[in-house]
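What follows is a set of notes on a single structure, which appears directly below.
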Amino acid sequence: MSHFSDYKDLIQADDWALIWISRDNIKPVKITAGATFNTRYGSFPHDDMIGKPFGSQIAVRTRGSNKFGFIHVLQPTPELWTLSLPHRTQIVYTPDSSYIMQRIQCSPQSRVIEAGTGSGSFSHAFARSAGYVFSYEFHEIRYEQARKEFEDHGLLQDGNLAITHRDVCQDGFAIQKGDKTTFFDDERLNESPSPVQINANAIFLDLPAPWSAIPHLDEVISQDSKVSLCCFSPCIEQVDKTIEALEKQGWTEIEMVEIQGKQYESRRQMVRHLDDALQRLRDVKERKQMGVERRKRMFNKLISDQEEPYEQRPETPKTQFNPFGKGSRVKEGDTGFQWKEVSKVESEIKSHTSYLTFASKIVNKTRDETLVAKLADEIRGSGAKVSVPNKTDDKIGKLS
Ligand SMILES: C[S@@+](CC[C@H](N)C(=O)[O-])C[C@H]1O[C@@H](n2cnc3c(N)ncnc32)[C@H](O)[C@@H]1O
Numbered sequence: 001m002s003h004f005s006d007y008k009d010l011i012q013a014d015d016w017a018l019i020w021i022s023r024d025n026i027k028p029v030k031i032t033a034g035a036t037f038n039t040r041y042g043s044f045p046h047d048d049m050i051g052k053p054f055g056s057q058i059a060v061r062t063r064g065s066n067k068f069g070f071i072h073v074l075q076p077t078p079e080l081w082t083l084s085l086p087h088r089t090q091i092v093y094t095p096d097s098s099y100i101m102q103r104i105q106c107s108p109q110s111r112v113i114e115a116g117t118g119s120g121s122f123s124h125a126f127a128r129s130a131g132y133v134f135s136y137e138f139h140e141i142r143y144e145q146a147r148k149e150f151e152d153h154g155l156l157q158d159g160n161l162a163i164t165h166r167d168v169c170q171d172g173f174a175i176q177k178g179d180k181t182t183f184f185d186d187e188r189l190n191e192s193p194s195p196v197q198i199n200a201n202a203i204f205l206d207l208p209a210p211w212s213a214i215p216h217l218d219e220v221i222s223q224d225s226k227v228s229l230c231c232f233s234p235c236i237e238q239v240d241k242t243i244e245a246l247e248k249q250g251w252t253e254i255e256m257v258e259i260q261g262k263q264y265e266s267r268r269q270m271v272r273h274l275d276d277a278l279q280r281l282r283d284v285k286e287r288k289q290m291g292v293e294r295r296k297r298m299f300n301k302l303i304s305d306q307e308e309p310y311e312q313r314p315e316t317p318k319t320q321f322n323p324f325g326k327g328s329r330v331k332e333g334d335t336g337f338q339w340k341e342v343s344k345v346e347s348e349i350k351s352h353t354s355y356l357t358f359a360s361k362i363v364n365k366t367r368d369e370t371l372v373a374k375l376a377d378e379i380r381g382s383g384a385k386v387s388v389p390n391k392t393d394d395k396i397g398k399l400s
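In UniProt numbering, the protein residues as written are 1 to 400.
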């Protein structure tokens, strides 16, 4: 069972949960009867979590005080995993991964190649949406760590993910049956002929030199459906070399995109008039003048050493409200003032802004007339109002 895509209501022993302590502090925890989750806000017995719905708030009294510390126990999702995983490399964040999956049409029909695995951030997102994921990592320790995590999270056992310890730039993507460097647990793959039928139709390369891996793709991509590819590269020189390799290998629809994740905050801002500004300047000038005169009098008193009765500083009238500075505090949206809706750009959200190079390839450009006729019949039978391609029509008789 995958802890990251099979939703369940109640927390049970042996479930993985992501414990939300604060926005920047989310911890993956395997719920274990009798165990305790310790934080600086208190110790939370796992037994208090078992049987409660995912999403529950668990509170404990902080030792020596009347206050409570609390946590939320959340169902794991790829998005939360991305925010909580142990970083071994740079990772792909959700703003990028969601866009990439949409662009490469990741669906249950997708057979995905991902290289390298890195910290496994994107692998979790792919595993939830795709039919099958083949992930490759050449760094032995990272491969082992990722394999362990995939295993713990239920992505390998009866799952839809295979991880291979391999330098894909040198040795390509093909997996021979019985390959000791590949770890998967799937009867279908075990039974498939050698080499394993990868038939990838979605490729994601997050490697320093994707141009060296691209020529190896031809032997593992789908021959009878459109293949979409995305390369994730932090610098434009890499994009340049990647595009050169893609063109050379016959990839088409090449396009480069950069994602700049920004958060827009919607708020109300007080409408300020020119008269307010002028009034503020008069105010400042008046106060300054009063200060100068007071200091002059104090100086004269020092020189003449004459006693002068203590002069009370004249009371300045409290301003009703000064929209440019001090005065009585006004809360956003208070009545009696004029407000306008504005949007404010917050600092950049977590995203590893790389350049995304997309491309596609169709290997076999002839179409299966029997299949087209069958689909056409089905569409006609469903009564849907669609224009069905006619095989005698030259313009649509072939896929271009
Ligand atoms: C930036 S990380 C990938 C991060 C990953 N996309 C994620 O979201 O967690 C790049 C990974 O590619 C691996 N790598 C680099 N060159 C490779 C190659 N030729 N074959 C396989 N893996 C490679 C590195 O070891 C590294 O772990």
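All C-beta atoms, glycine included, are put in the ideal place defined by N, C-alpha and C.
Got a sec: does ligand 1 put a non-hydrogen atom nearer than 7 Å to the Cβ of glycine 383? Checking every heavy atom of ligand 1 against the Cβ of glycine 383, none is found closer than 7 Å.
Would you say the region 148-164 touches the region 4-16, given that touching needs at least three Cβ pairs under 8 Å? Verdict: yes, contact present.
Under the assumption that valine 227 contacts serine 343 (Cβ atoms under 8 Å), give the Cβ distance between them as a whole number of angstroms. 39 Å between Cβ atoms; not a contact.
Using a Cβ distance threshold of 8 Å, determine whether the region 99-109 contacts the region 53-64, with at least three qualifying pairs required. Too few Cβ pairs lie closer than 8 Å, so no.
May I ask you to report which of helix, strand or coil DSSP gives tyrosine 41? Three-state DSSP puts tyrosine 41 in coil, outside helix and strand.
What separation, rounded to the nearest whole angstrom, lies between the Cα atoms of asparagine 364 and serine 121? Distance between the alpha carbons of asparagine 364 and serine 121 is about 33 Å.
In chain order, which beta strand (DSSP E) runs of at least 3 residues are fully inside the region 93-170? If we require 3 residues or more, the beta strand (DSSP E) runs fully inside the region 93-170 come out as 111-115, 132-137 and 161-165.
Would the C-beta of proline 95 count as close to ligand 1, meaning under 7 Å from any of its heavy atoms? No.
Take the Cβ of histidine 273 as the centre, count every other Cβ of all protein chains shown within 10 Å, and call the residue buried at 16 or more, exposed below. Under the 10 Å beta carbon count, histidine 273 is surrounded by fewer than 16 other beta carbons and is classified as exposed.
How should phenylalanine 68 be labelled, buried or exposed, when 16 other C-beta atoms within 10 angstroms of its C-beta is the threshold for buried? It is exposed - the Cβ of phenylalanine 68 has fewer than 16 other Cβ atoms within 10 Å.
In this structure, how does DSSP classify proline 208 when only helix, strand and coil are distinguished? Coil.
For alanine 35 and aspartate 47, I'd like the C-alpha separation in whole angstroms. Near 7 Å, if we compare the C-alpha coordinates of aspartate 47 and alanine 35.
Between glutamate 286 and valine 345, what straight-line distance do the alpha-carbon atoms span, to the nearest angstrom? Cα to Cα, the separation comes out at about 37 Å.
Opposite tyrosine 355 in the DSSP bridges: which residues? Within the DSSP bridge table, the entry for tyrosine 355 names Ser233 and Glu258 as partners.
Roughly how many whole angstroms lie between the Cα atoms of glutamate 332 and proline 53? Whole-angstrom Cα-Cα distance: 37 Å.
Go ahead and label tryptophan 20 buried or exposed: buried means 16 or more other beta carbons lie within 10 angstroms of its beta carbon, across all protein chains shown. The residue in question, tryptophan 20, is buried, as its Cβ has 16 or more Cβ neighbours within 10 Å.
How about valine 133 and asparagine 160: are their beta carbons less than 8 Å apart? Taking 8 Å as the cut-off, the Cβ atoms of valine 133 and asparagine 160 count as close.
If you draw a straight line from the alpha carbon of glycine 250 to that of serine 192, how long is it in whole angstroms? Looking at the two C-alpha atoms, the distance is approximately 29 Å.
Cross-strand partners of glutamine 57 (DSSP beta bridge): Under the DSSP definition of a beta bridge, glutamine 57 partners with His72.
Going by the beta-carbon positions, is the gap between isoleucine 11 and glycine 51 smaller than 8 Å? Yes, Cβ-Cβ distance for isoleucine 11 and glycine 51 is below 8 Å.
Helix, strand or coil for threonine 32, going by three-state DSSP, please let me know. The DSSP-derived three-state label of threonine 32 is coil.
Candidates Arg297, Lys288, Asp283 and Ser266: which alpha carbon is nearest lysine 340's? Selected option, being the one with the closest Cα: Ser266.
What does DSSP give as the partner residue(s) for phenylalanine 183 in the beta ladder? Answer is Ile163, bridged to phenylalanine 183.
What span of residues does the beta strand (DSSP E) with arginine 267 cover, start to end? 264-270 is the span of the beta strand (DSSP E), which, as asked, contains arginine 267.
Hey, alanine 130 and alanine 213 are a contact pair by Cβ (cut 8 Å); roughly how many whole angstroms apart? Rounded, the Cβ-Cβ distance is 19 Å, inconsistent with contact.
Nearest to methionine 270 by CA position, among Arg329, Ser382, Cys230 and Arg166, is which residue? Between methionine 270 and the set Arg329, Ser382, Cys230 and Arg166, the nearest pair of CA atoms involves Arg329.
Give every residue of the same chain whose Cβ lies closer than 6 Å to the Cβ of proline 210, excluding the five residues on either side of it in the sequence, and list them in chain order. If we look at proline 210 and ignore the five residues flanking it on each side, its Cβ neighbours are Cys231 and Thr242.
Are there any heavy atoms of ligand 1 lying less than 7 Å away from the beta-carbon of histidine 139, as far as the coordinates show? Result yes, Cβ under 7 Å from ligand 1.
Those residues which DSSP pairs with isoleucine 19 across a bridge: According to DSSP, isoleucine 19 bridges with Lys27 and Val73.
Count the CB pairs spanning the region 109-125 and the region 278-297 that are closer than 8 Å, and state whether there are at least three. No, they do not touch.
Cα-Cα separation, glutamate 79 to histidine 87: When rounded, the distance between both Cα atoms is 15 Å.
Simplified DSSP assignment, three categories, for isoleucine 214: Helix at isoleucine 214.
Going by DSSP, name the residue or residues bridged to valine 227. Paired residues: Lys361.
How many angstroms separate the CA atom of phenylalanine 321 from the CA atom of leucine 281? Reliability of the predicted coordinates at phenylalanine 321 is poor, the pLDDT of 49 falling under 50, and no value is obtained from them.
Reducing DSSP to helix, strand and coil, say where lysine 318 ends up. The predicted model places lysine 318 with a pLDDT of 49, which falls under 50 and marks its position as unreliable, so this point remains unresolved.
So glutamate 286 is in the alpha helix (DSSP H); what residue range does that whole segment cover? In this chain, the alpha helix (DSSP H) harbouring glutamate 286 covers 274-304.
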